[in-house]
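Before any comments, here is the structure.
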Amino acid sequence: MTKFITNLTDSMENQTPITTLFLDIGGVLLTNGWDRKARKLAIETFQLDAVETEERHHLTFDTYEVGKLTLDEYLNRVVFYEDRSFTRQAFRDFMFARSAPYPDMIDMVKALKEKYKLKIAIVNNEGRELNTHRIHYFGISTFVDFFVSSCFVHYRKPDADIYRIALDIAQVAAAEVVYLEDRSMFVDVANGLGINGICHQAYDTTLAALEKFGLRL
1379 MTKFITNLTD SMENQTPITT LFLDIGGVLL TNGWDRKARK LAIETFQLDA VETEERHHLT
1439 FDTYEVGKLT LDEYLNRVVF YEDRSFTRQA FRDFMFARSA PYPDMIDMVK ALKEKYKLKI
1499 AIVNNEGREL NTHRIHYFGI STFVDFFVSS CFVHYRKPDA DIYRIALDIA QVAAAEVVYL
1559 EDRSMFVDVA NGLGINGICH QAYDTTLAAL EKFGLRL
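In this text, residue positions in the sequence shown follow my numbering: the first is 1379, and each later residue adds one.
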């Protein structure tokens, strides 16, 4: 038993100290901004053709997320390719209103930043207008140091280059980073670069996973 405790202590002491958190926004700090559930509600609310809308969305949304289309251009292709009985502003307002915070996760990140003096970076896929709204409306910019968003850097997850850019900006080794992400594929890509990925599912399980990296509240 003593040998086990000693080995565990040695393992923790030999672990590279964590200096940085990489965070997704949708599914971690906030609800997803414009996911399948939100689009389904939009289709019902605005009486859109479900098949046509989803097909047009999937053909063009990646281009919007990497910053090569404005939101209005995306909406031109997906919704306003024909006359509608509702306004563009009404639809935009509906899209923005789908976002809601996870206060416990936001408070957790703030507390970890304060306690361990961590760098905090967002690494996310999001179109510019939605991203900007979500960052400022929910106060994310008040505790995040920099943003590596797909619409800013023109790469989107799971492209490994978005993580390499984040590491370059942070100027830290991959082993110094813990990354919270709700999509397991993206966690796997980050892990492949040596980043310590945690697939976020719930506050309690993520808190326990962080403790394994020496980050305790």
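Virtual Cβ for every residue (Gly too), placed ideally from N, Cα, C.
Judged by DSSP secondary structure, Gly1575 falls within the beta strand (DSSP E) whose first and last residues are 1574 to 1577. Minimum Cα-Cα distance from Ile1547 among the listed residues His1436, Ala1499, Glu1492, Glu1433 corresponds to Ala1499. About 11 Å separates the beta carbons of Phe1472 and Arg1466, which is beyond the 8 Å limit, so they are not a contact pair. Sequence-distant Cβ neighbours of Leu1401 in its own chain, meaning closer than 6 Å and more than five residues away, are Ile1500, Leu1558. Taking Gly1405 as reference, the option from Phe1530, Met1483, Thr1397, Phe1464 with the minimal CA-CA separation is Met1483.
With 16 or more other Cβ atoms inside 10 Å of its own Cβ, Arg1512 counts as buried. In the displayed model, Tyr1557 falls within a strand according to three-state DSSP. In this structure, Lys1495 lies away from Thr1398, with their beta-carbon atoms at least 8 Å apart.
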